[in-house]
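J.: Those letters in the sequence shown? Residues 420 to 833, by my numbering.
We treat Cβ as the ideally placed atom computed from N, Cα and C, and that holds for glycine.
Sending over a structure as structure tokens; questions will come in a sec.
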Amino acid sequence: MKILILGNGGREHAIAWKIAQSPKCTRLQVAPGNAGTKEIAENLALDPMDVSAVVKHCKDNQVDLVVVGPEAPLVAGVVDRLEAEGIRAFGPKQAAAELEGSKSFSKRFMERHFIPTAGYSEVASQAEAREQLKDMQLPVVLKADGLAAGKGVYICLTEADVAEALDDLFVKERFGEAGKLVVIEEFMEGTEASLLCFCDGKHLYPMESAKDHKRIFDHDLGPNTGGMGCVSPNPEVTDRWMKMIEREILFPIELGFAAEPWEFKGILFIGLMLTGDGPKVLEFNVRMGDPETQSVLPRLKSDLVELIEKTIDGKLRKSDFKWDRKVCVSVVAASKGYPLTSTKGCLIEGVESCGELVFHAGTKSEDGKLFTNGGRVLAVSALGSTLDKAYEKAYKAMDAIQFEGKQIRRDIGK
Ligand code: AMP
Ligand code: GLY
Numbered sequence: 420m421k422i423l424i425l426g427n428g429g430r431e432h433a434i435a436w437k438i439a440q441s442p443k444c445t446r447l448q449v450a451p452g453n454a455g456t457k458e459i460a461e462n463l464a465l466d467p468m469d470v471s472a473v474v475k476h477c478k479d480n481q482v483d484l485v486v487v488g489p490e491a492p493l494v495a496g497v498v499d500r501l502e503a504e505g506i507r508a509f510g511p512k513q514a515a516a517e518l519e520g521s522k523s524f525s526k527r528f529m530e531r532h533f534i535p536t537a538g539y540s541e542v543a544s545q546a547e548a549r550e551q552l553k554d555m556q557l558p559v560v561l562k563a564d565g566l567a568a569g570k571g572v573y574i575c576l577t578e579a580d581v582a583e584a585l586d587d588l589f590v591k592e593r594f595g596e597a598g599k600l601v602v603i604e605e606f607m608e609g610t611e612a613s614l615l616c617f618c619d620g621k622h623l624y625p626m627e628s629a630k631d632h633k634r635i636f637d638h639d640l641g642p643n644t645g646g647m648g649c650v651s652p653n654p655e656v657t658d659r660w661m662k663m664i665e666r667e668i669l670f671p672i673e674l675g676f677a678a679e680p681w682e683f684k685g686i687l688f689i690g691l692m693l694t695g696d697g698p699k700v701l702e703f704n705v706r707m708g709d710p711e712t713q714s715v716l717p718r719l720k721s722d723l724v725e726l727i728e729k730t731i732d733g734k735l736r737k738s739d740f741k742w743d744r745k746v747c748v749s750v751v752a753a754s755k756g757y758p759l760t761s762t763k764g765c766l767i768e769g770v771e772s773c774g775e776l777v778f779h780a781g782t783k784s785e786d787g788k789l790f791t792n793g794g795r796v797l798a799v800s801a802l803g804s805t806l807d808k809a810y811e812k813a814y815k816a817m818d819a820i821q822f823e824g825k826q827i828r829r830d831i832g833k
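Below, the structure written as structure tokens:
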């Protein structure tokens with residue numbers, strides 16, 4: 420099969436690495452990819468958001484399957500367009516991708532189907548927001564409705580935070596169209612967990628759980644990032660929690676999917692808060708997570724291409740999933756200035772000889788040398804029979820990788 424992956428992050432490198440191991444894959448392309456995908460696939464100068472160009476490339480080159488990494492092309496309807504041309508694509512169609520494309524759509528879906536989540540209201544102006552907030556206690560959470568590249572969420576602990584968020588959203592209009600509607604949520608206390616599920620249109624098949632470390636500094640301090648590391652399984656998700664998640668979250672989602680006019684096929688990423696009142700949904704994403712994928716796929720023993728084909732055909736079974744019991748720790752290295760800015764063009768050394776899996780994100784290769792090319796540069800993923808062993812291996816390898824201004828957290832998985 421000729422397979423094309425859309426995207427250029429660590430997630431897409433991990434997907435490419437896994438797909439390249441499948442005997443079903445005869446040719447692998449990544450658009451646009453990074454220096455890591457270039458080693459195992461053919462990188463294409465193709466913008467995943469240029470849907471017409473993607474469709475044309477697939478037709479001209481007889482691509483058999485397109486795997487969509489990021490959310491933006493899904494929300495833009497790339498799967499609808501590919502399928503209309505008879506090209507198989509992995510990911511939900513536009514109508515279902517609204518679960519990530521619009522917070523309001525996703526909250527309404529949860530409300531309709533009794534899926535536990537934070538209480539919420541929707542507002543379209545500063546005055547409406549003030550009116551709603553009168554009856555609410557701090558902290559509150561304000562969210563731009565549309566896609567905001569992970570930056571549209573404001574956790575407001577004080578009145579000053581609320582004023583700043585409202586100014587950003589309604590006066591500065593920082594998120595343009597995506598911030599015209601704002602969702603105000605109750606603040607939930609608890610522990611976060613990520614659960615990525617395959618969905619074949621009928622049933623959800625959760626992958627192994629994961630824990631994303633979102634803040635830039637150790638002990639969860641400093642600003643939020645795209646993810647500074649991950650561990651799978653999530654040490655907090657015990658069997659007892661998993662049973663509650665199945666009963667209280669996954670089952671109602673399946674019933675909800677059955678009742679909606681659209682169909683969900685692809686990956687549903689459930690961001691969970693494990694609270695004193697049970698598990699609750701923080702958010703839905705309609706694609707794999709980054710950096711969750713870099714910790715989860717190294718533990719998947721099954722053939723990813725087979726799972727993807729069965730998802731598209733609506734034929735998944737629980738027995739299709741085989742997992743490695745080992746723990747995977749993934750540590751991200753970011754460039755100087757991240758998350759506010761990033762530094763490009765710094766020489767990266769030690770990747771080849773570090774001894775563990777390295778998934779590239781913001782990297783570029785020139786004349787056989789590797790350079791930084793973005794905020795999150797790469798991630799080391801290491802498997803170990805215990806969390807401590809995986810941790811030791813991941814950090815030993817990460818310490819062997821050097822570039823100027825390298826930022827890492829020292830407490831991933833801890
Ligand atoms: P989201 O993009 O909706 O997942 O929000 C990003 C992050 O903000 C989450 O991972 C949580 O850490 C935090 N967050 C979002 N909504 C809430 C909420 N209602 N209560 C507490 N924290 C939240
Ligand atoms: N790790 C969070 C996300 O992929 O959205």
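One question on the structure: do L465 and V474 come within less than 8 Å of each other, judged by their Cβ atoms?
T.: It is not a contact, given that the beta carbons lie outside the stated cut-off.
J.: Could you pull out every residue in the same chain whose Cβ sits closer than 8 Å to the Cβ of P758, ignoring the five residues on either side in sequence?
T.: So the qualifying residues of the chain are I635, P642, N643, T644, G645 and G794.
J.: Here's a check: name, in chain order, each residue in its chain whose Cβ is nearer than 8 Å to the Cβ of M555, leaving out the five neighbours to either side.
T.: Closer than 8 Å at Cβ, skipping near neighbours: I603 and E605.
J.: Secondary structure at V656, three-state DSSP: helix, strand or coil?
T.: The answer is coil: DSSP assigns V656 none of H, G, I, E or B.
J.: For T694, does the three-state DSSP call read helix, strand or coil?
T.: T694: strand per DSSP, three-state reduction.
J.: Find out if the Cβ-Cβ distance for the pair L615, F688 is shorter than 8 Å.
T.: Yes, these two residues count as a Cβ contact at 8 Å.
J.: Tell me, which residues are paired with Q821 by DSSP?
T.: In the DSSP output, where bridge partners are listed per residue, Q821 has E768.
J.: Quick check: V384 and L423, are their CB atoms within less than 8 Å of each other?
T.: Past the edges of the chain, shown from 420 to 833, lies residue 384, and the structure says nothing about it.
J.: What is the C-beta distance between A563 and G571, in whole angstroms, given that I count them as a contact (C-beta under 8 Å)?
T.: Their Cβ separation, rounded to whole angstroms, is 3 Å, which keeps A563 and G571 in contact under 8 Å.
J.: Start and end of the alpha helix (DSSP H) containing Q513?
T.: Residues Q513 to G520.
J.: Return the first residue and the last residue of the alpha helix (DSSP H) that H779 is part of.
T.: First-last for H779: L776 to H779, but that is the beta strand (DSSP E), not the alpha helix (DSSP H).
J.: Kindly indicate the opening and closing residues of the alpha helix (DSSP H) around G675.
T.: Run containing G675: F670 to A678, per the alpha helix (DSSP H) assignment.
J.: Flag D639 as yes when its Cβ comes closer than 7 Å to any non-hydrogen atom of the ligand GLY, and as no otherwise.
T.: Answer for D639: no, Cβ out of range of the ligand GLY.
J.: By Cβ distance, which residues of its chain are closer than 7 Å to W660, with the 5 residues on each side in sequence left out?
T.: L693 and P698.
J.: When the Cα atoms are used, what is the spatial distance from I534 to E702?
T.: C-alpha separation (whole angstroms): 11 Å.
J.: Would you kindly work out how many angstroms separate the C-alpha atoms of D580 and I574, rounded to a whole number?
T.: Their backbone Cα atoms lie some 8 Å apart in a straight line.
J.: I believe G520 touches G488 by the beta-carbon criterion, under 8 Å. Please report the beta-carbon distance rounded to the nearest angstrom.
T.: With a Cβ gap of about 16 Å, G520 and G488 do not count as contacting.
J.: Classify C482 as helix, strand or coil using the three-state DSSP reduction.
T.: This sequence places Val at residue 482; Cys is not what is there. Looking at V482 - three-state DSSP - the assignment turns out to be coil, as it is neither helix nor strand.
J.: So what does DSSP say about A753, is it helix, strand or coil?
T.: Strand at A753.
J.: With a threshold of 16 other CB atoms inside 10 Å of the CB of V650, please say whether the residue is buried or exposed.
T.: With 16 or more other Cβ atoms within 10 Å, it is buried.
J.: For E461, collect the residues of the same chain with a Cβ closer than 6 Å to its Cβ; drop the 5 residues on either side in sequence, then sort them by chain order.
T.: The answer, listed in chain order, is Q448.
J.: To the nearest angstrom, how far is it from the Cα of H622 to the Cα of E673?
T.: Rounded to the nearest angstrom, the two C-alpha atoms are 6 Å apart.
J.: When the Cα atoms are used, what is the spatial distance from V494 to E711?
T.: Using only the alpha carbons, I get a separation of about 21 Å.
J.: Output the boundary residues of the beta strand (DSSP E) element that contains P625.
T.: Per DSSP, P625 belongs to the beta strand (DSSP E) from L623 to P625.
J.: Quick test of your reading: I376 and A433, contact by CB under 8 Å. State the CB separation rounded to the nearest angstrom.
T.: Nothing can be reported for residue 376: it is not among the residues displayed for the chain, which extend from 420 to 833.
J.: List in chain order: all unbroken alpha helix (DSSP H) runs of 4+ residues lying wholly within the region 520 to 580.
T.: You should have 522 to 531 and 545 to 552.
J.: Exposed or buried, what is R500 when buried is set at 16 or more other beta-carbons lying within 10 Å of its beta-carbon?
T.: So R500 ends up on the buried side.
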